[in-house]
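Colleague:
Protein chains in written order, with our numbering: chain D, 15 to 334; chain G, 4 to 340.
1. For my contact list, residue 293/D and residue 35/D are in at a C-beta cut-off of 8 Å; report their separation, rounded to the angstrom.
2. Is there a C-beta anywhere in chain D that falls below 8 Å from the one on residue 232/G?
3. Which ranges does the alpha helix (DSSP H) cover as unbroken runs of at least 4 residues, wholly within the segment 185–254 of chain G, from first to last along the chain?
4. Looking at residue 293/G and residue 8/G, is the spacing between their C-beta atoms short of 8 Å?
5. Locate the alpha helix (DSSP H) running through residue 158/D, then write down its first and last residues.
6. Hey, is the segment 124–132 of chain D in contact with the segment 173–185 of chain D, meaning 3+ C-beta pairs nearer than 8 Å?
7. Give me the residue from 277/G, 330/G, 265/G, 245/G with the minimum Cα distance to residue 71/G.
8. From the DSSP output, which residues share a beta bridge with residue 246/D?
9. Who are the neighbours of residue 214/G on chain D, taking C-beta pairs under 9 Å?
10. Which residues in the same chain have their Cβ closer than 8 Å to the Cβ of residue 199/D, if we skip the five residues on either side of it in sequence?
11. From the beta carbon of residue 201/D, is the nearest beta carbon of chain G less than 8 Å away?
12. Given this structure, state the Cα-to-Cα distance separating residue 109/D from residue 211/D, to the nearest angstrom.
13. In angstroms, rounded to a whole number, what distance separates the CA positions of residue 66/D and residue 104/D?
14. Checking the sheet assignment: what are the DSSP bridge partners for residue 309/D?
15. In terms of DSSP beta bridges, what is residue 28/D paired with?
16. Is the beta carbon of residue 256/D sitting closer than 8 Å to the one on residue 239/D?
17. Residues in its own chain within less than 7 Å of residue 323/D by CB, not counting five upstream and five downstream?
18. Identify which residue in 123/D, 246/D, 166/D has its Cα closest to the Cα of residue 146/D.
19. How about residue 326/G: is its C-beta nearer than 8 Å to some C-beta of chain D?
20. Which residues of chain D have a Cβ atom closer than 9 Å to the Cβ of residue 174/G, listed in chain order?
21. State the start and end residues of the unbroken alpha helix (DSSP H) segment that holds residue 70/G.
22. Would you kindly report the start and end of the unbroken alpha helix (DSSP H) that includes residue 140/D?
23. Going by beta carbon distance, what residues of the same chain come within less than 6 Å of residue 312/G, once the five residues before and after it are set aside?
24. Does the structure place the segment 80–92 of chain G close enough to the segment 113–123 of chain G that three or more beta carbon pairs sit under 8 Å?
25. In whole angstroms, give me the CA-to-CA distance for residue 4/G and residue 289/G.
26. Since residue 18/G is in the alpha helix (DSSP H), which residue starts that stretch and which ends it?
27. According to DSSP, is residue 4/G part of a helix, a strand, or is it coil?
28. Only counting the same chain, and skipping five residues up and downstream in sequence, which positions put a Cβ closer than 8 Å to that of residue 167/G?
29. My output table needs one value for residue 294/D: the three-state DSSP class, helix, strand or coil.
30. Tell me, please, whether the CB atom of residue 202/G is closer than 8 Å to any CB atom in chain D?
31. Quick check: is the beta carbon of residue 330/D nearer than 8 Å to any beta carbon in chain G?
32. Take residue 97/G as the anchor and find which of 105/G, 248/G, 91/G has the nearest alpha-carbon.
33. With respect to the alpha helix (DSSP H) encompassing residue 172/D, which residues constitute its N-terminal and C-terminal limits?
34. Jot down the residue ranges of each uninterrupted alpha helix (DSSP H) in the segment 91–130 of chain D, minimum 4 residues, whole runs only, in chain order.
35. Since residue 267/D meets chain G, which of its residues come closer than 7 Å, beta carbon to beta carbon?
36. Quick one: is residue 139/G buried, meaning 16 or more other Cβ sit within 10 Å of its Cβ, or exposed?
Right, dumping it as C-alpha cells:
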C-alpha cells in the first residue's frame, strides 16, 4: 500500500534582503496510514517549519524551494491556496501549542466548531451541532451540550486542548500534525492529552506527526522518531531502537543530557556550544562544530541520511 | 557535612486580594447586593527547613504557589502570617533597612533570561549594580576584579562584558543571571525555574554549572521547578505542593522510591520515561482554582482514595517513621495502601 504521506527532498528557504536562508534542507520521510511519527529537535531545528510546509502554510518570506509533499498520491507543494483549502483542516488537521491562542476568545466553542465543519461540508447547523457533541464526547468533555455554549476562558488549559483536538477531529482527517501539543500544559494534564491522542489514533486509524522538543514524550506514543538538527533529519528509525541505541552523535548527546540518563554520577553529559543559527550552519556536517568525534571529512562533506547496518537511517560519516 | 538549618519556614501564609475596589466587590446574590472579597490563597500554612549546603526543590503544577513561596521567602512579598528565619533570626516583616544585610546573603535567579536582564545595560553594568548597592566601599579595581571572576566562574568570556544581553543566546543569558546572583557572594540562592526556558542540551549545561557553583561556593539552593526528572537529579530534598499546600516533604531518593501522598504518586507516574510505555495514574478533573478552595483536604476533588474525613478536615503535615512529612488522612490513619 502506498504511504499516506511522502516528503521527497524538501527544501524550504527564507528569502531575506541580504541573503537566503535554508530552514529545511533536503528532508525526506514517509508516514504510513495510521502510523505515529515523532519529530524531535531543539528550538530552531526546523521542526515547526517542516510541519507547516506539509500543509503548505509557510508564510512569506519563506517558500518551498524544491521537493514534493505527496499526500494520498497528490503533490501538495504544487497546490493552489484554493485547492489546499480542501485538504487543510479537512484531511490533514493541525494542533498547535497554546490552546489559548488558537481558540477565538470572543466566540463560543460551538460556534467555532460548527464553523470548521460547515466550511468543509454542506450540512445544516443542527446536524453540525450533533457532530460537534459527538466529537466533544470522544475527547471526554463532560456534558458537551452545555459546554458548546461556553467561551474558551471558561475552560481550563487541558480542556481547551481537548477542544482543539475535537475540532481537529471534526472532519475525520487521515493525518494530524500536532506541534508541541502539550508544552503549555502541566505534566499530569500532558499525560492525559497524550493518552487521548494515542487512543484516537488507534481507534480512527489516523496518522499522527508529533512535533516536540521532549524526547520522553515522543518515545511514549510514536512508533518511529525523526531527530532534526539545523534543518535536516540526522536520524530516523523505530522508537525502541533510537531510545535504546541511538547512532548519531547528536542524538546520543541529547539522550545523555537528560537527568534520567546520568545514573549515579552527579554531572550531566552536556553537548558543548549551541545549535548554530541558520546563517551560521557550518559547511559539511551541520553538527561538526559541536561533535566530539569530528573528522576532516565531516568538515568538508555533508553526510546524507542513509540506512546503516542497524537498519536505522543516520546522517553521519562515522556510523557504519 | 554538619546539617545546620540555614532557612526555616514556619506556617507561611500568603494570600492575594484580587477583589479590586469596593465597587468591583459588589455582588448581587439572593436578591440583595452584598460586598464580597475574592482572595487567592496562594500559599497555605507551609513549613519546612533548608539546611546549609543543601538543595531543596519545590515541585508542583502551575498555579500551586511554588513561585509565590519562593518570592515570599526572598522577602519580595510580605507574608500574611507565618515566620521566615535565616540562621535563626526572624526576617519576615523587617524594614527594608534591616533586611538589607540579609539581602546580601540571599539572591534569586529567575526563569526567563530574556525578561530578567535589562536590555539597555551592558553585562558589566548588570553585574556591577548589585556590588555597588551592597558593597559601596569596594573600589573600582576590586569591582572590576570581581566581575571578571564571576564571569569566568559561569563560563562567559570576560572580554564580552561590554556587550548587551541581546548579543547572547538563551543559555548564555541564564549564565549572566547566575553571575549577577553570585557577584555579592551569597549563601542562599533561590532559583525559580532557571532552566524551563532552555533547550535540553543547554539545560544540562546550566544544571552542571549550578551544581559546580554549589560545590565551589558552598551554596544553598531553593530550587523551584515543574520538571521532576531534573528535581530528582539535583536536589537533596523535595517539597511537593498542590494548591498552595505542602503535600509531602522528604529526602529525594526516598520520595521518588516510595511516594506516599496520592498526589505525589500521580505526579510521579505522569513523568514520561524514555523507552517505557505509558502507564500513569489517572486523576479526575482539573486543578480547582485557588480562589474557591474545596473544604477539607485540597486534593479531595481529584483524589481516587478520598473518604468522608478528607472532605471535612484539612490533614496536617505529619512526620512519618522514615523522617518524611506527609499531609494525608489516609497515610496518617494507615488506610491508604
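Even glycine gets a Cβ: it sits at the ideal position worked out from N, Cα and C.
Modeller: In short, the structure shows the following:
1. 6 Å
2. yes
3. 203–220, 231–237
4. no
5. 158–161
6. yes
7. 245/G
8. 243/D
9. 280, 281, 282
10. 171, 172, 175, 207
11. yes
12. 11 Å
13. 15 Å
14. Its beta-bridge partners do not exist; DSSP assigns none.
15. 35/D, 76/D
16. yes
17. 334
18. 123/D
19. no
20. 288
21. 69–76
22. 139–152
23. 332
24. no
25. Here the model assigns residue 4/G a pLDDT of 44, short of 50, so the residue's position is not dependable, and the following value carries that caveat. Distance between the alpha carbons of residue 4/G and residue 289/G: 42 Å.
26. Here residue 18/G belongs to no alpha helix (DSSP H); instead the beta strand (DSSP E) covers 8–20.
27. Residue placement at residue 4/G is poorly supported in this model, since its pLDDT is 44, which falls under 50; the coordinates are not used for a value here.
28. 122, 123, 124, 125, 126
29. helix
30. yes
31. no
32. 105/G
33. 171–183
34. 95–98, 113–116
35. 204
36. exposed
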